[in-house]
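Scroll down for the structure; my scribbles are underneath it.
In full-length UniProt numbering, the protein residues as written are 1 to 127.
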């Protein structure tokens, strides 16, 4: 069992699945400087993966990083709402929403929490 766990950990890959990036450019007033750093961070993926990796995410909880909290990643004009969900093998995976600081926090927090719970149930049924 220990050897199997080591093999799974060795073959683990962090990856980012993204949708809706075009929605970030809908309104010019959302980003006072330029949307370029946001799109570049999304394209590079490693920046977003590092940001999610540093957020303390548990299943069924939503964490928020707003504005200046994201400055180290070049995303000071964005907010990130994220949650963990139980993935296959019992590990915690992450999902979230990245958007302008003027986003609908309550609505997006409810959506992130609901999707995380759904994924935990769905993936839990497969084990």
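A virtual CB, placed ideally from N, CA and C, is assigned to each residue, including glycine.
Neighbourhood of residue i by C-beta, 7 Å cutoff - its chain only, sequence neighbours within 5 removed
| i | result |
| --- | --- |
| residue 61 | 83 |
| residue 110 | none |
For residue i, the nearest candidate out of the options (CA to CA)
| i | options | result |
| --- | --- | --- |
| residue 32 | 101, 94, 66, 52 | 101 |
| residue 19 | 95, 114, 124 | 95 |
| residue 26 | 43, 117, 99, 89 | 99 |
Exposure of residue i, with buried meaning 16 or more beta-carbon neighbours within 10 Å
| i | result |
| --- | --- |
| residue 36 | exposed |
| residue 97 | buried |
| residue 91 | exposed |
| residue 4 | Confidence in residue 4 is poor, its pLDDT being 48 and thus under 50, which makes the residue's placement unreliable; the coordinate value appears in the next sentence. Residue 4 comes out exposed. |
| residue 38 | buried |
| residue 107 | exposed |
| residue 47 | buried |
| residue 71 | exposed |
| residue 34 | exposed |
| residue 65 | buried |
| residue 114 | exposed |
Spatial neighbours of residue i in its chain, beta-carbon cut-off 6 Å, leaving aside the 5 residues before and after
| i | result |
| --- | --- |
| residue 93 | 85, 87 |
| residue 55 | 63, 82 |
| residue 51 | 73 |
Span of the alpha helix (DSSP H), counted from its first residue to its last, around residue i
| i | result |
| --- | --- |
| residue 41 | 36-44 |
Limits of the unbroken beta strand (DSSP E) element including residue i
| i | result |
| --- | --- |
| residue 81 | 78-86 |
| residue 99 | 92-100 |
| residue 65 | 62-66 |
Neighbourhood of residue i by C-beta, 8 Å cutoff - its chain only, sequence neighbours within 5 removed
| i | result |
| --- | --- |
| residue 67 | 76, 77, 78, 79, 101 |
| residue 8 | Caution applies to residue 8, whose pLDDT of 48 falls short of 50 and renders its modelled position unreliable; the model cannot decide the point. |
| residue 112 | 62, 81, 82, 83, 95, 96, 97 |
Supposed close pair residue i, residue j - CB separation, criterion 8 Å
| i | j | result |
| --- | --- | --- |
| residue 41 | residue 73 | 6 Å |
CB contact below 9 Å: residue i versus chain D
| i | result |
| --- | --- |
| residue 80 | Going by chain labels, chain D is absent from the structure shown, which holds only one protein chain. |
Residue i CB to nearest heavy atom of the ligand NAP below 8 Å
| i | result |
| --- | --- |
| residue 86 | This structure lacks the ligand NAP; in fact it carries no ligand of any kind. |
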